[in-house]
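Participant: Residue numbers (the numbering used here): 547 to 862.
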Ligand code: SF4
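(1) Between which two residues does the beta strand (DSSP E) holding residue 600 run?
(2) Give every residue of the same chain whose Cβ lies closer than 8 Å to the Cβ of residue 789, excluding the five residues on either side of it in the sequence, and list them in chain order.
(3) What is the rounded straight-line gap between the Cα of residue 681 and the Cα of residue 649?
(4) Could you tell me if the beta carbon of residue 706 falls within a distance shorter than 7 Å of some heavy atom in the ligand SF4?
(5) Cα separation between residue 687 and residue 811?
(6) Compute the distance between the beta-carbons of residue 590 and residue 579, then report whether it is under 8 Å.
(7) What span of residues does the alpha helix (DSSP H) with residue 779 cover, start to end?
(8) Between 613, 803, 845, 754, which has its C-alpha nearest residue 837's C-alpha?
(9) Give the straight-line distance between the Cα atoms of residue 861 and residue 814, rounded to the nearest whole angstrom.
(10) So, at 6 Å on beta carbons, what are the nonlocal neighbours of residue 689 in its own chain, with the 5 sequence-adjacent residues on each side left out?
(11) Quick one: any contact between the region 773-787 and the region 822-841, if contact means 3 or more CB pairs under 8 Å?
(12) Identify the residues that DSSP records as bridge partners of residue 694: which are they?
(13) Considering only their Cβ atoms, is the gap separating residue 640 from residue 595 smaller than 8 Å?
(14) So, helix, strand or coil for residue 839, using DSSP?
(15) Can you give me the Cβ contacts of residue 652 inside the same chain, cut-off strictly under 6 Å, excluding the 5 residues immediately before and after it?
(16) Would DSSP call residue 609 helix, strand or coil?
(17) Suppose you measure from the CA of residue 707 to the CA of residue 730; what does that come to, to the nearest Å?
(18) What separation, rounded to the nearest whole angstrom, lies between the Cα atoms of residue 758 and residue 728?
(19) Can you say whether residue 551 is buried or exposed, counting buried as having 16 or more other CB atoms within 10 angstroms of its CB?
(20) Name all residues in chain order for which at least one heavy atom of the ligand SF4 lies closer than 5 Å to the residue's CB.
(21) So residue 766 is in the beta strand (DSSP E); what residue range does that whole segment cover?
(22) Are the CB atoms of residue 716 and residue 742 within a distance shorter than 8 Å?
(23) Thinking just about the alpha-carbon of each residue, which of 768, 734, 635, 819 is nearest to the one in residue 774?
(24) Beta-carbon within less than 6 Å of residue 620's beta-carbon, same chain only, minus the 5 sequence neighbours each way: which residues are those?
(25) Going by CA-CA distance only, name the one from 569, 626, 553 that's closest to residue 701.
(26) Could you give the residue range of the alpha helix (DSSP H) that holds residue 547?
(27) Rounding to the nearest angstrom, what Cα-Cα distance links residue 695 and residue 835 in this structure?
(28) Under 8 Å: do the region 759-768 and the region 605-621 share three or more Cβ pairs, one atom per stretch?
(29) Look at the alpha carbon of residue 830 and the alpha carbon of residue 771, and state the distance between them as a whole number of angstroms.
(30) How big is the Cα-Cα spacing for residue 776 and residue 845?
(31) Which of helix, strand or coil does DSSP assign to residue 811?
(32) Quick check on residue 644: does DSSP put it in helix, strand or coil?
Here you go:
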């Protein structure tokens, strides 16, 4: 059951307090975001938004036939060298957005028939998102909230989202901090991501679908398979089984291609091959996972979003 309006307002206040000496993510920069100071992620007080669009490219239960109501935030608390959204994660594209406008955009997505509200990379803007969400709810917003994040989350912040977020959609990018440090500038990724995901799972449990097959609550973990097992797929799948459950919904992604700065790294400078992907897929079945979305291997050919366009996703 969702928190009351007063409870969400209280959470928004607590998050703003955390942003005052910013600990919204495990970087804990300590800058005063409420005074528009910038830390590692580069984000200021008001959210910077690069695209608000109904998006059909997510996993089927997040899209249905209505589309996910995605809100793409600019900036990021990770620096993945292969980031396919680098136009926005580095803040090159994005427009400052007031809390009132953000709330109106959510209402507008609902009016357009979106299946849910899905903030993408909300971690560093979560204080503003929750404030806007409360305003949207007071004006009739009534859609599931899908928290689509990179996994590098503050446990304290995730705890505050209990009863507000309906569906958690975190990445679990690595099983080894050396890889996380080298390719995402994040030497403590693994412990923070895993701890946060355990908390998310305790809040929302396994993915639940309505009678139309649309997700209404639960956890879905995304794992992008990287070349040469840089993403630690084998360890990651074993960890999920040992620490969560084989009922957890996993989205195994094949779409990696060497973009942005990835070409500087020989070991990342190619797509994954079929054998690498099949190894991860086969392990899912061997370990007994039943709820796995297997991305089509050909999705490597989809191309990249272009956030300078009104419709960044030309393929859907
Ligand atoms: S959200 Fe940004 S400013 Fe705040 S701790 Fe994380 S990286 Fe630093």
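Note that CB positions come from ideal geometry on N, CA and C, so glycine has one too.
Facilitator: Taking the structure as given:
(1) 594-601
(2) 740, 744
(3) 6 Å
(4) no
(5) 45 Å
(6) yes
(7) 779-789
(8) 754
(9) With a pLDDT of 45 at residue 861, under the threshold of 50, the modelled position of that residue is not reliable, and the figure given next carries that caveat. The alpha-carbon atoms of residue 861 and residue 814 are separated by roughly 25 Å.
(10) 656, 662, 663
(11) yes
(12) 666, 715
(13) yes
(14) strand
(15) 663, 682, 687
(16) helix
(17) 25 Å
(18) 42 Å
(19) exposed
(20) 568, 570, 571, 573, 575, 585, 586, 587, 623, 670
(21) 761-770
(22) yes
(23) 819
(24) 594, 596, 634, 637, 640
(25) 569
(26) From DSSP, residue 547 is part of no alpha helix (DSSP H); its letter is neither H nor E.
(27) 22 Å
(28) yes
(29) 13 Å
(30) 20 Å
(31) coil
(32) coil
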